[in-house]
Structures are given as C-alpha cells and as structure tokens.
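S.K.:
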Amino acid sequence: MGWEEELEELRRREELAEQLGGPERVKRQHDGGRLTIRERLDKLVDPGSFHELGKIAGTAGYDERNDLRAFTPSNFVFGRARLDGRPVVVGGDDFTVRGGSADATIREKHLMCEQMANELRLPLIRLVEGSGGGGSVKTIETTGRANVPAVAGWEWVVANLGTVPRVALGLGSVAGLGAAHLAA
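For the sequence shown, my numbering begins at 1320 and goes up steadily by one.
#1: Counting beta carbon pairs with one atom in the region 1373-1381 and one in the region 1399-1411, are three or more of them shorter than 8 Å?
#2: Considering L1488, what are the terminal residues of the beta strand (DSSP E) in which it resides?
#3: Please classify R1344: does DSSP put it in a helix, a strand, or coil?
#4: Can you list, in chain order, the residues of its chain with a C-beta nearer than 8 Å to that of V1486? Leave out the 5 residues immediately preceding and following it.
#5: If distances are taken between C-alpha atoms only, which option among E1327, G1472, T1391, H1429 comes closest to R1344?
#6: Do H1370 and F1395 have their CB atoms nearer than 8 Å?
#7: Please say whether A1400 and N1437 have beta carbons closer to each other than 8 Å?
#8: Please classify A1502: does DSSP put it in a helix, a strand, or coil?
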C-alpha cells in the first residue's frame, strides 16, 4: 500500500491551479485587456525563478468514491522569485476566481506571504486586483452572517512597513482590503 493515489491528487490539483478560474474567466480577463496573475508574474520576474508556495491550496469537491471531482484554487498566488537577479517575495490576486475577492481567498496564504518577506528580510511586491474583506453577499450565503473583518495578520503588514521594501501595483478593480494592501 503506497501513496500513489494521494500524490496523483496533489499533481491534479497543481494542474487545475494552473487553469486559474477556468477558461471562460481567463478569456474574460483577456477580453478586458488584462493579463492573468500567472501571466503577470511571468512578465515581472526573472525567467524560471518563480517558486510558488501553496499552489494546491483551494476548495475541493469529491465524489462518492472520495475521488477529486472539482478544484477551485485560492485566488492569491505567491512565492519567491528573482527580479533583476535579486531575491524577492511576490504575490498577487487572481481576478479569475471570484474577482480576487478577499473573502474568497485562503487567508493563510496572504499571511505567509507577508511573514516570509519579514522573516527573510526580502522586498515584497504585491500585484493587487481585488476587493472585499468581509461582508459580501457570498459571505452571508456561506456563513449565514455578515462580518466586520478583524483582518487577522495585519500586524505583519504593519511590521513590514518598517522592515522590508514593499511596492504594490493596482492592476484593475481594487476596493476594500485590496485597497488597504495597495496603500500599505
């Protein structure tokens, strides 16, 4: 008995994560004259230097045999890379998954991005295209309530303001928590 099935699921999740929000949403992004987050990262960092973290994080659906039937990746892509030969931490919103909405993301990925930049003392680059932070209609549908977000992990953003160089680019619709990341 081995781990072949589990490893195959992880590989499948990686493949599905490459598709972002799916072909229709990627087309809509392109039709709007905008690149996807993966295309933006490819153009920004040195070729072949991007090492993504948390690629398999997302929401999965399984059939009655417990086989993966659907996977929606997190709408935040981040990792380490090189920019003009220098190491950086870079992360960006994926607008093809729920419009880059903060309440559709996996919060821990944002926290890890900020924490990694802080602990490694690396410059942080944020590519922002999203909104939210709590209280959306979708949040009400899934949790049964609206919320005033506590913005867990914001202490890392504040700590980074005095610790590492940071730059954020607004590359589309930006509101709510996305705007806060842009201003920080």
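Virtual Cβ for every residue (Gly too), placed ideally from N, Cα, C.
M.R.: For this structure:
#1: no
#2: Indexing the sequence shown from 1 puts residue 1488 at position 169. 1485-1493 is the extent of the beta strand (DSSP E) around L1488.
#3: Counting from one through the sequence shown, the residue named residue 1344 turns up at place 25. In the structure shown, R1344 sits in a helix (DSSP, three-state: H, G or I).
#4: Taking the first residue of the sequence shown as 1, we reach residue 1486 at position 167. Around V1486: P1442, L1443, I1444, R1445.
#5: On the sequence shown, residue 1344 is found 25 positions in, with the first residue counted as 1. Of the listed residues, the one whose Cα sits closest to R1344 is T1391.
#6: Walking along the sequence shown from the start, residue 1370 turns up at place 51. Walking along the sequence shown from the start, residue 1395 turns up at place 76. In this structure, F1395 does not lie closer than 8 Å to H1370 by Cβ.
#7: As a position in the sequence shown, residue 1437 is number 118, starting the count at 1. As a position in the sequence shown, residue 1400 is number 81, starting the count at 1. Not a contact, by the Cβ cut-off of 8 Å.
#8: As a working mapping, residue 1502 is identified with position 183 in the sequence shown. Helix at A1502.
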